[in-house]
Structures are given as structure tokens and as C-alpha cells.
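Below is one structure, written out as C-alpha cells; the observations come after it.
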Amino acid sequence: MGISLLQASEVVEGRTWPRAAGLFLITVILAISSAGVLVAFPFLLLTMVLGLRRLPATVAALLAVLVAVGVPVEEGVWYLERGWAAVLAGWFVVLTMRWPQSRFFPRALGAVTATGAVVGLLLMFRPGTWAMVSWIITDGMMQSLSLMDQMVTALDPEAPISLADLNWAFEATALRGRLFPALLGLSSLSGLAVAWWAYMRLAVGNRKALGPLRDFRFNDHLVWFFLVGLALIVLGPGEGWTSAGSNAVMFMGGLYAVRGAAVLLFLNGGVTGLSILFFVVGLLVLGRVLIMGVLMGTLVVGVGDTWLDIRAKAEAIAASKS
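First residue of the sequence shown: 15, per my numbering; consecutive thereafter.
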């Protein structure tokens with residue numbers, strides 16, 4: 015295709031599959047439905063437009079077809095998730111071909127934004143569709159939670175699930191239903207990252223598709239979306255504006271939490287075995303409290319990095335001491 019970004023000469027040594035595995039785990043956690051669909055559609059379209067090139071990519075493409083098709087059902091979620099994934103994949107491939115030298119994240123963010131704009135325009139011309147989509151997604155998540163509860167009870171009738179835990183789970187699911195646009199956007203970004211890594215690794219043999227987390231950053235002007243979202247939550251004239259603000263804060267907050275984690279990794283020199291041990295022990299002891307604390311901490315660091323550029327200052331200090 016003449017796209018220099020895809021040249022096999024860029025192959026570098028080093029394991030990058032842990033990045034892809036971590037991103038896929040994030041996609042599974044954040045996805046409102048099928049995480050596999052968010053990966054399969056972009057991967058398939060990349061192989062169709064840019065070429066398979068190698069046998070491993072062909073095998074992966076066959077598996078991606080199975081995941082993309084899934085089990086057709088009459089319910090609306092099956093069509094919604096695949097429609098979104100198809101449009102998302104199309105935009106990502108178009109942006110990749112238009113700006114092949116661009117880094118991954120700007121192309122992925124552009125694809126998510128363009129897909130959201132297309133879907134938003136379609137919903138504007140179909141009054142009542144948004145309410146129906148929201149109900150379908152929330153109802154699907156509630157049904158999945160109920161099924162999971164029934165499975166746990168069937169496997170272990172004496173499982174220590176308190177009423178408070180069950181109520182918390184349903185409240186959290188209801189909150190996910192209200193924030194599903196933001197969660198869909200975040201899971202789409204991570205799904206695109208996995209698809210891009212898989213294509214570059216399997217079809218091209220290039221391990222340099224995704225940079226290390228410690229280098230993750232994005233345009234500082236995006237902080238205004240976060241601030242506008244906060245303003246809508248506090249000053250929004252109606253429920254619709256408040257919901258829009260909540261989703262803006264959730265989406266940008268997720269990105270800033272990742273940026274904050276990148277800053278901390280940069281300052282720490284990477285992930286150490288001791289830090290992982292402390293986190294696992296803390297997770298076992300504190301559970302949700304630790305998770306919320308870590309997320310809030312990394313969010314604050316990420317937002318602060320917008321103005322402070324902590325990594326650049328750390329490099330300058332280190333250079334002055336050498």
C-alpha cells in the first residue's frame with residue numbers, strides 16, 4: 015500500500031504483548047457488551063484494506079470473523095454493538111490511510127469522535143431513539159448481572175453474597191447504564207489499540223505499534239472538555255445536560271487517569287515486583303477503596319500534568335544533576 019508506517023524494517027526487539035493483554039483486559043472491564051467485537055471489526059477491516067501479508071494474520075482474521083459474527087440474536091444489542099464497531103473500524107482505517115505517519119492515539123481518538131458524531135446525527139433525526147438505545151443497553155447489563163448472580167447461587171448456594179453487596183452491584187450497573195457513552199468511547203479506544211497491535215504484530219511483524227505506557231500523553235487542550243463537563247454537572251439546566259457533563263467527565267477522567275499512571279511509571283522507572291506485591295496485598299485488604307483511591311490519585315496527577323508537564327521537568331532536573 016506504500017504506507018511507510020507498515021514497513022517491516024521498523025521491527026524492534028522487546029516484548030509488547032503485555033501491553034496488548036492489559037489493554038484487552040481494560041476493554042473487557044469497560045465494554046458495555048462484547049469486548050471482542052470492538053477488536054475484531056477494526057482488525058478485519060485493517061486486513062482487508064492493508065493486506066494480510068503473513069500466515070498468522072490470516073489465522074487471526076478467521077478467528078476475528080467468528081467473533082465479529084457471534085451468535086445472531088433478535089435483540090437490539092447485537093445490532094447496536096456491531097453497527098458501532100463497523101463505523102468505528104471504518105473511520106480508523108480512513109484516518110490511518112490519510113495520516114499514516116501519525117501516532118496511534120490521535121487516529122484512534124479521531125475515529126471514536128467521528129463515530130460518535132455520526133451516531134449522534136442519526137439519533138437527532140430519529141426522535142426517541144436515544145431513549146430506546148439507553149434502555150436496551152441498561153436492560154442488557156441488568157440481565158447479565160442477574161444471570162451472573164443466578165450462576166453464582168447455583169454453583170454455591172452458600173456463597174457469602176450479602177444483600178448490601180447485591181444492592182451495590184445493581185447500583186453500579188445502573189450507573190454504568192447512565193455512563194455507557196463514555197464507557198463505550200473508552201473501551202473503543204482500548205479495543206482499537208489491541209486491534210492495531212495485533213495487525214502490526216501478526217501481519218507486518220512490527221512490535222512497535224504501541225509505545226510504552228510511561229510515554230502516554232495527549233493534547234493539553236482536551237482538558238477543556240473535562241472542565242466543561244464539570245461545569246455542566248454543577249450548572250446544567252436539565253437532566254440531559256447533566257448526563258452529558260457526567261459522560262464528558264467520565265471519558266476525559268479515564269484518559270487523565272491513564273496519563274497520571276504514565277507519569278507515575280515514568281517517575282518510578284517502570285513497574286517493579288515490589289510495587290505489584292504492595293498493590294495486590296492492598297487490593298485484598300481494601301478492595302474497592304484502594305481501586306477508587308488509585309483512580310482518583312492518578313486522575314489528579316494526570317490533570318496536573320497538563321499544566322506542570324511533570325516528565326519534562328523531571329528530565330530537566332536529572333540532566334542538570336548529571
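All C-beta atoms, glycine included, are put in the ideal place defined by N, C-alpha and C.
- Pairing Asn-261 with Ala-196 gives a Cβ-Cβ distance under 7 Å.
- In terms of Cβ geometry, Leu-206 and Ala-128 do not form a close pair [threshold 7 Å].
- The Cβ-Cβ distance between Arg-215 and Phe-280 does not fall below 7 Å.
- In this model, Gly-283 and Leu-304 are separated by some 22 Å (Cα to Cα).
- Closest by C-alpha distance to Val-51, out of Gly-65, Ser-202, Trp-144, Leu-64, is Ser-202.
- Taking 7 Å as the cut-off, the Cβ atoms of Ala-35 and Phe-55 do not count as close.
- In the structure shown, Leu-224 falls within a coil segment according to DSSP collapsed to helix, strand and coil.
- Sequence-distant partners of Ser-47 (beyond 5 residues in either direction) whose C-beta falls short of 6 Å from its own C-beta, in its chain, are Val-91, Glu-95.
- In the displayed model, Arg-140 falls within coil according to three-state DSSP, outside both helix and strand.
- The beta carbon of Ile-151 sits closer than 8 Å to the beta carbons of Ile-46, Ser-47, Val-91, Leu-94, Gly-191, Phe-194 from its chain, once the five residues preceding and following it are set aside; these are given in chain order.
- Secondary structure note for Trp-321: its alpha helix (DSSP H) is the uninterrupted segment 302-322.
- Here DSSP, grouped into helix, strand and coil, assigns Pro-114 to coil.
- From the listed residues Trp-210, Leu-278, Ala-332, the smallest Cα separation to Gly-316 is found for Leu-278.
- Out of Ala-99, Pro-226, Ala-326, the CA that lies nearest to the CA of Phe-119 is found in Pro-226.
- The C-beta distance from Trp-211 to Thr-30 rounds to 7 Å, short enough to meet the 8 Å contact threshold.
- Sequence-distant Cβ neighbours of Phe-38 in its own chain, meaning closer than 6 Å and more than five residues away, are Val-208.
- When DSSP states are grouped into helix, strand and coil, Phe-184 belongs to the helix group.
- Between Ala-78 and Phe-57, the gap from beta carbon to beta carbon is short of 7 Å.
- In this structure, Leu-309 places its C-beta atom within 7 Å of the C-beta atom of Ala-271.
- Between Leu-44 and Leu-224, the CB-CB gap reaches or exceeds 7 Å.
- Judged by beta-carbon spacing, Thr-61 lies beyond the 7 Å limit of Ala-49, meaning their Cβ atoms are not closer than that value.
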